[in-house]
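Structure, as C-alpha cells:
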Amino acid sequence: MLSRKIVKVSKTEFQTEDGNIHPMMFELDKIPSIKEFQKTYDEWLHVFQEKELLEKNESEIIEHK
Numbered sequence: 096m097l098s099r100k101i102v103k104v105s106k107t108e109f110q111t112e113d114g115n116i117h118p119m120m121f122e123l124d125k126i127p128s129i130k131e132f133q134k135t136y137d138e139w140l141h142v143f144q145e146k147e148l149l150e151k152n153e154s155e156i157i158e159h160k
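Mind the numbering: the sequence shown is residues 96 to 160 in the numbering used here, read in order.
Right under this line is the structure:
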C-alpha cells in the first residue's frame with residue numbers, strides 16, 4: 096500500500112508513522128481500529144489526489160505493508 100502509515104487513532108486525532116499528529120475533521124463516535132482507519136485514510140487520500148486538492152508535500156506517499 097502506498098500512503099502514510101497510521102500508527103494511532105483516537106476520537107479527535109490520528110498519528111502517522113513519521114510522528115505527525117493530525118486532528119480529525121470532526122470527533123468520532125467510535126474509535127476505529129488502526130487497520131479500519133488506514134483503509135479509510137487510503138481511500139480518501141486517493142480521492143483527494145485525483146481531484147488535486149492537496150499540496151505537493153501532503154500528497155507524498157510512503158510504501159508500507
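In this text, a Cβ means the ideal position worked out from N, Cα and C, and glycines have one as well.
All values derive from a computational prediction rather than experimental measurement.
Review point. When you compare only the Cα positions, how much space is there between Glu150 and Leu140?
Key: Within the sequence shown, numbered from 1, the residue matching residue 150 stands at position 55. Within the sequence shown, numbered from 1, the residue matching residue 140 stands at position 45. Going from the Cα of Glu150 to the Cα of Leu140 covers about 12 Å.
Practice item. Please report how far the alpha carbon of Pro127 lies from the alpha carbon of Val104, in whole angstroms. Key: Reading the sequence shown from its first residue, position 32 is the one you call residue 127. Reading the sequence shown from its first residue, position 9 is the one you call residue 104. Cα-Cα distance, rounded: 7 Å.
Review point. First and last residue of the alpha helix (DSSP H) that includes Glu108?
Key: One-based indexing of the sequence shown puts residue 108 at position 13. Where Glu108 is concerned, there is no enclosing alpha helix (DSSP H), although the beta strand (DSSP E) it sits in stretches over 108 to 111.
Practice item. Name the two residues that bound the continuous beta strand (DSSP E) containing Ile116. Key: Indexing the sequence shown from 1 puts residue 116 at position 21. Taken as a continuous stretch (DSSP letters only), the beta strand (DSSP E) holding Ile116 covers 116 to 118.
Review point. From Asn115 to Phe132, what distance separates their C-alpha atoms?
Key: Start at 1 with the first residue of the sequence shown, and residue 115 comes out as number 20. Start at 1 with the first residue of the sequence shown, and residue 132 comes out as number 37. C-alpha separation (whole angstroms): 16 Å.
Practice item. Just the C-alpha distance for Asp137 and Ser98, rounded to the nearest angstrom, thanks. Key: For the purposes of this step, residue 137 is taken as the residue at position 42 of the sequence shown. For the purposes of this step, residue 98 is taken as the residue at position 3 of the sequence shown. Each residue's alpha carbon lies about 6 Å from the other.
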